[in-house]
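Numbering (my numbering), first residue to last: 20 to 315. By construction, the Cβ of each residue, glycine as well, lies at the ideal position given by its N, Cα and C atoms.
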């Protein structure tokens, strides 16, 4: 198995999975929180090559499978300042006619802080900025036959975010634009290319407690460097269309079921993916966070 094929299993899950845009765009409020558990599944025999065309893996009889569980947590420090944490768990495999390879474990952790700059049109249009860091939990293995669980290097991200509530129509729209600085990996001596990030989402209530959304989720990267030498056709790129249905449950919870359909890509696994999630809102009023407020 090539090193690119091994790394692509992890990148498939970790590169583009982000918190729910609609839930995250409007501040949770001081002392409030939301939590989301997301399950991801993907199985394919094809990948997007460096030229952007979908093709079979080079290994004879090769098939990659990826399952992941993401736990996203957000807490309101003030009515404008939120803290977010993302914890992933991966179960990955890559099989061909020669052998079966698999790996499982906790992946790289992401921590974000977001500040809401203003609420235009009476709060219908929140404008926010967010900074994030991805901390490597596990090293990226040098052995090309081992599937990585972590990317092995630190990432820094900056985001500009906007939302639009169409109330009293039960609909909304969200637009996020971001930039990811992928720092040098001292173990592999590789300097991966930085990336432009996009998330656009439109959704709302369809009928009763049934809702839906459509998400456009993309990453456009640059070529990296190895030992200071530029790598050609190394950039990773992916653009997903993600339709999702949701159902509101009692107790401020929602379940979602949808898929991710790749529209184009480069150096990424091809093929559709399945997503399922459970979302919950609540309030935990610590003395410092809720000073002067009341528990609800």
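Residues bridged to residue i by DSSP?
i, result
"residue 236", "218 and 259"
"residue 160", "According to DSSP, residue 160 bridges with nothing at all."
"residue 145", "138"
"residue 190", "223"
"residue 279", "292"
"residue 185", "Residue 185 pairs with nothing; no bridge assigned."
"residue 199", "176 and 214"
Residue i: which of the options sits nearest, CA to CA?
i, options, result
"residue 224", "264, 62 and 106", "264"
"residue 166", "287, 192 and 109", "109"
"residue 193", "150, 217 and 62", "217"
"residue 276", "294, 248, 50 and 269", "294"
"residue 203", "272, 239 and 170", "170"
"residue 227", "221, 255, 268 and 238", "268"
"residue 146", "100, 241, 94 and 247", "100"
"residue 178", "207, 219, 172 and 188", "219"
"residue 124", "140, 235, 107 and 114", "107"
"residue 240", "262, 213, 222 and 155", "213"
"residue 205", "187, 172 and 229", "172"
"residue 90", "63, 114 and 53", "53"
"residue 148", "77, 46 and 279", "46"
"residue 252", "76, 70, 51 and 61", "70"
"residue 135", "201, 126 and 97", "97"
"residue 103", "92, 250 and 261", "92"
"residue 201", "133, 120 and 254", "254"
"residue 77", "283, 86, 88 and 115", "115"
"residue 126", "86, 138, 119 and 262", "86"
"residue 64", "51, 112 and 50", "112"
"residue 51", "283, 271, 281 and 280", "271"
"residue 318", "208, 189, 210 and 215", "Only positions 20 to 315 of the chain appear in this structure, which leaves residue 318 out of reach."
"residue 9", "284, 250 and 246", "Because the chain here runs from 20 to 315, residue 9 falls outside it and cannot be looked at."
"residue 121", "154, 84, 128 and 88", "84"
Classify residue i as helix, strand or coil using the three-state DSSP reduction.
i, result
"residue 48", "coil"
"residue 284", "strand"
"residue 303", "coil"
"residue 132", "strand"
"residue 298", "strand"
"residue 252", "coil"
"residue 271", "coil"
"residue 247", "coil"
"residue 212", "coil"
"residue 91", "strand"
"residue 230", "strand"
"residue 314", "Here the model assigns residue 314 a pLDDT of 38, short of 50, so the residue's position is not dependable and the matter cannot be decided."
Where residue i and residue j are concerned, what is the direct C-alpha to C-alpha distance, given to the nearest angstrom?
i, j, result
"residue 198", "residue 130", "15 Å"
"residue 150", "residue 181", "15 Å"
"residue 314", "residue 302", "Interpretation of residue 314 is limited by its pLDDT of 38, a score under 50 that renders its predicted location unreliable; the figure taken from the coordinates is listed afterwards. So the alpha carbons of these two residues sit roughly 8 Å apart."
"residue 117", "residue 184", "54 Å"
"residue 296", "residue 57", "4 Å"
"residue 273", "residue 299", "6 Å"
"residue 80", "residue 66", "13 Å"
"residue 289", "residue 74", "8 Å"
"residue 248", "residue 72", "26 Å"
"residue 95", "residue 55", "15 Å"
"residue 244", "residue 287", "18 Å"
"residue 291", "residue 168", "21 Å"
"residue 235", "residue 260", "5 Å"
"residue 278", "residue 140", "33 Å"
"residue 186", "residue 143", "8 Å"
"residue 152", "residue 174", "6 Å"
"residue 156", "residue 133", "23 Å"
"residue 62", "residue 137", "43 Å"
"residue 266", "residue 191", "16 Å"
"residue 311", "residue 48", "Confidence at residue 311 is low in this model, with a pLDDT of 48, below 50, so its placement is unreliable and the value that follows should be read with caution. Using only the alpha carbons, I get a separation of about 14 Å."
"residue 128", "residue 189", "34 Å"
From what residue to what residue does the beta strand (DSSP E) around residue i run?
i, result
"residue 316", "Summary: the structure shown does not reach residue 316, with the chain confined to residues 20 through 315, and so no result is reported for it."
"residue 103", "100-114"
"residue 124", "119-125"
"residue 75", "73-75"
"residue 66", "65-67"
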